[in-house]
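Shown next, in structure tokens, is the structure this report addresses.
Protein chains: 2
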Amino acid sequence: MVHHATLPRNETGIETVLGVLKQRFGERFQTGQAIREQHGHTTTWIENQPPDAVVFPASTQEVADIVAVCAEHRVPVIPYGTGTSLEGHVNAPAGGICVDVSQMDKVLEVNAGDLDCRVQPGVTREALNTHLRDMGLFFPIDPGANASLGGMASTRASGTNAVRYGTMKDNVLALEAVMADGTVIRTGKRARKSSAGYDLTRLMVGSEGTLGVITEITLKLQGIPEAMSSARCSFTSVDAACRTVMAVIQYGLPVARIELLDALVVKALNGYSKLDLPETPMLLLEFHGTEASVVEQAEIFGALAEEEGGEGYTATTSTEERNKLWKARHDAYWAMLQLRPGAKAIATDVCVPISRLADCVGAAQRKAEELDLMAPIVGHAGDGNFHVSLLIDMEDAQEVARAAGYVSWLNDVAIEMEGTCTGEHGIGQGKKPYLRKELGAAVDVMVSIKRALDPKGIMNPGKILG
Amino acid sequence: MVHHATLPRNETGIETVLGVLKQRFGERFQTGQAIREQHGHTTTWIENQPPDAVVFPASTQEVADIVAVCAEHRVPVIPYGTGTSLEGHVNAPAGGICVDVSQMDKVLEVNAGDLDCRVQPGVTREALNTHLRDMGLFFPIDPGANASLGGMASTRASGTNAVRYGTMKDNVLALEAVMADGTVIRTGKRARKSSAGYDLTRLMVGSEGTLGVITEITLKLQGIPEAMSSARCSFTSVDAACRTVMAVIQYGLPVARIELLDALVVKALNGYSKLDLPETPMLLLEFHGTEASVVEQAEIFGALAEEEGGEGYTATTSTEERNKLWKARHDAYWAMLQLRPGAKAIATDVCVPISRLADCVGAAQRKAEELDLMAPIVGHAGDGNFHVSLLIDMEDAQEVARAAGYVSWLNDVAIEMEGTCTGEHGIGQGKKPYLRKELGAAVDVMVSIKRALDPKGIMNPGKILG
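From first to last, the protein sequence lines stand for chains A and B. When we follow this note's numbering, the leftmost residue of the first sequence carries the number 1, and every step to the right adds one. When we follow this note's numbering, the leftmost residue of the second sequence carries the number 1001, and every step to the right adds one.
Structure below.
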């Protein structure tokens, strides 16, 4: 496991707050060890640091009351959605109160005519899309996990559709948040654009619960496209696949998804999802548009792929085949684990300019080989974002050390290539050492903002900064 | 004129800084009255408040040195691009130093493969597009005026293309800025997305020089589309035109531009640009895409417009005709002034959810009639953003008062309709009273950020806040 330092605990304050909240929330206040551990970090090799209690508010006012009492007694507040974050975001290194928003799971309004909706933070992306389906609308951001929209906003999540529809930064119109002193703010109205003052919406998106607790989100929606088709194409090398992606982006082809899978991942999918794909690097695509434009996009892609030696290109508008392929892609995490039963998967998350993608993926592959690490790669290639999932035997200390070295090396390489150590997972505890390498003195500005908006340092301490 | 209060002047500090900068910058330091007045607000009815001096830095380091000396002596710093802002952004109510970045006009790099570039803040959008043309690239944000990219970033500008390409918020990948203590920060790298900490890029975009001086901007670029066509369609009422826009947006038609012109504006264009358009409300459109998709988009639009009684619909791929129409649209400001020679045009800038656009425009027309104001309307209708340009005889105090009442009324109406008092012009001095009406307690959070990042209050004082 990777250990992150515990921070000083305010025992007196915590004891007082536990008493107050227990009285106020009754059954919706829990201190059992199992539930506390479930609400610490559980998804990667980062060590679990459970909170002292978990509380389940049902309204903005209840969140405000919780934060106010925590502020009064200087006790940490850790917002929690579904716990699917990957960098220790929900750990409680100084103890404190986990605010689990899963009971705040209402879709509050859908304005179909304006292509927007307002939701509570505990609504998951799948629940939202189920709610919207009959209206001919969907919410495009898909990070893989069925994450909560509050959590997705907090980590500035994105995923497979971002190449066309952007990230959470681009799809949150406005939000409501409880700030560190218990004040409730709303960062915007429903206009599609505004120049009214500082962009607090974008400041809160990606702030990982360190500035406040998001209690409502106004989201942009999309009409379900008239037509969708999916396609796949195999390549003799990752390099050729990446060059094809570059060509697609430079052409301006509005692909909805363009995912890179290396040969190892394809092999894993074949085994796990009973497919018989050629076990070479592959691009998996989805096109959205009118009937005619979907056909045209698929044709243009085919021509671009052919120039890079793409093979076995097939495009289909069959919903069944499309779902089968994308179900397999979504299951890639589980499929990869089968490559090495008993291993733990450690996900990296670098993102580089598209012109450097082939270089960066190539270097990542060579380094894994050099360090004798099993390292399947999937990528949201259209964004230049890819994940090396190291399959590690956590009992083997030397291997764990090599994996840690690899993660560090890869982050440094991406930063050197004018990229970022995190395309979509966030900083949390795990990436803190790289933030300053990437952004230098800008981190001091972040610290100033953090101190100004959370002077007592109670909002999700030990994440992003400090 | 509209007077905004002067703020206390730090005479001793100003005198000292004038001496230091004069010695350092020689000819690039100016204190003549004419040049100072040119660098105060000149574009609308807001009174001119000139700075004490204008300095023309040529590098980030020079900007940092200017800010550092101003910080040491607590003297205001007012960043200046081309002076085309509309809400008093460049006024100097407490005096101080205008930092005119017009000599920082280099395109520093273009990464064609990544569809991005890095520019100094004094590069204008037209200069950038001239630079890019031979590479098959363009920068889509077009606020009308040939503004500087630093200024456009500072006001979160948008304009006619925003319905498809977004605003400056969506098209700035990263930026470099000199903060209030003279520190230089860079807010991001060149990756298309990142989850690395607080989104300082979006915090600086739209901050109107109140947090720092933008000294470099990394921008997203677009490939020049394979095909473009333009179209126009007349309607019997503004309401029918707005309903057509709603249908277009709800359909998801990826129009590049969809502009609303009311009958009065069309009449003005006929006079000024020697056209013979039917003098009824009109939509003016542009489609970007492949040859086939441009034809398809035009057809779909035609069908949607027909349902709302659209008449005289013509679409053309002729570059000459397209340029003629859009040149006329760009000249709308001058054309409108001809409707009432001698009058001053006062631009409003509300933006509402698209479902409220017809209501809001209709109410705006009725109110103008009621107050006997000449009030032509143009709108970036696809965003729900429109500008009523009041044509006012500034010598008629009663008319000026009615106009002031109208502006205030319209801002309130837009906010009530879940919209904003400014879609793209920014708050500056002119809209300060409406910011709190629109965003309530969120304004206190802005104040906290301002105090944290500019504790001496030297960065463009009296704008947005305070």
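All C-beta atoms, glycine included, are put in the ideal place defined by N, C-alpha and C.
Residue i classed as buried or exposed, judged by whether at least 16 other C-beta atoms fall within 10 angstroms
i, result
"B/Ser1234", "buried"
"B/Gln1398", "exposed"
"A/Thr210", "buried"
"B/Thr1044", "buried"
"B/Asn1460", "buried"
"A/Thr130", "exposed"
"B/Pro1455", "exposed"
"A/His89", "buried"
"B/His1288", "buried"
"B/Asn1161", "buried"
"B/Met1001", "exposed"
"B/Asn1323", "exposed"
"B/Lys1431", "buried"
"A/Glu369", "exposed"
"A/Lys274", "exposed"
"A/Glu418", "buried"
Test item: CB-CB of residue i and residue j under 8 angstroms
i, j, result
"B/Thr1084", "B/Ala1147", "yes"
"A/Val357", "A/Ala375", "It should be noted that the sequence gives Leu, not Val, for residue 357 of chain A. No; because the gap between Cβ atoms is not below 8 angstroms, this pair is not in contact."
"B/Pro1051", "B/Gly1040", "yes"
"A/Asn171", "A/Lys220", "yes"
"A/Gly159", "A/Pro143", "yes"
"A/Ile377", "A/Val245", "no"
"B/Ser1195", "A/His425", "yes"
"B/Val1294", "B/Thr1314", "no"
"A/Lys169", "A/Arg202", "yes"
"A/Val99", "A/Val17", "no"
"B/Leu1128", "B/Gln1120", "no"
"A/Ser448", "B/Ala1452", "yes"
"A/Gln429", "A/Glu11", "no"
"A/Arg186", "B/Ala1442", "yes"
"A/Gly223", "B/Gln1297", "no"
"A/Val54", "A/Val213", "no"
"B/Leu1007", "B/Ala1094", "yes"
"A/Arg192", "B/Asp1383", "yes"
"B/Ile1217", "A/Gly197", "no"
"B/Val1350", "B/Thr1420", "yes"
First through last residue of the beta strand (DSSP E) which encompasses residue i
i, result
"A/Asn385", "385 to 392"
"A/Ile377", "377 to 380"
"B/Leu1200", "No beta strand (DSSP E) holds B/Leu1200; the alpha helix (DSSP H) holding it covers 1200 to 1204."
"A/Met179", "172 to 179"
"A/Leu453", "No beta strand (DSSP E) contains A/Leu453, which is instead part of the alpha helix (DSSP H) from 442 to 453."
"A/Ile346", "344 to 347"
"B/Asp1116", "1116 to 1119"
Span of the alpha helix (DSSP H), counted from its first residue to its last, around residue i
i, result
"A/Arg402", "397 to 416"
"A/Cys70", "60 to 72"
"A/Asn129", "125 to 132"
"B/Cys1421", "Note, B/Cys1421: premise wrong, no alpha helix (DSSP H); not H, not E."
"B/Arg1436", "1432 to 1439"
"A/Ile14", "11 to 25"
"A/Arg186", "It is not in any alpha helix (DSSP H) - A/Arg186 instead sits in the beta strand (DSSP E) that spans 184 to 186."
"B/Leu1108", "Element bounds for B/Leu1108: not the alpha helix (DSSP H) but the beta strand (DSSP E), 1107 to 1111."
Neighbouring residues, chain D, relative to residue i (Cβ below 8 angstroms)
i, result
"A/Ala71", "This model lacks chain D altogether, as its protein chains are A and B."
DSSP beta-bridge partners of residue i
i, result
"A/Phe138", "A/Gln222"
"A/Met459", "A/Val77"
"A/Asp52", "Partner(s): none; A/Asp52 has no beta bridge."
"B/Cys1351", "B/Asn1385, B/Thr1420"
"B/Cys1098", "B/Val1054, B/Ile1078"
"A/Glu87", "According to DSSP, which records beta bridges pairwise, A/Glu87 is partnered with nothing at all."
"A/Glu216", "A/Glu176"
"A/Val2", "A/Ile46"
"B/Gln1038", "Its beta-bridge partners do not exist; DSSP assigns none."
Check: residue i C-beta below 7 angstroms from any heavy atom of the ligand FMN
i, result
"A/Phe29", "This structure lacks the ligand FMN, and indeed carries no ligand of any kind."
Problem - Secondary structure, beta strand (DSSP E): runs of 3+ residues fully inside the segment 219 to 295 of chain A - result: 227 to 234, 257 to 261, 282 to 289
Exercise for the section: List in chain order: all unbroken alpha helix (DSSP H) runs of 4+ residues lying wholly within the segment 298 to 340 of chain A. Expected result: 319 to 330, 332 to 339
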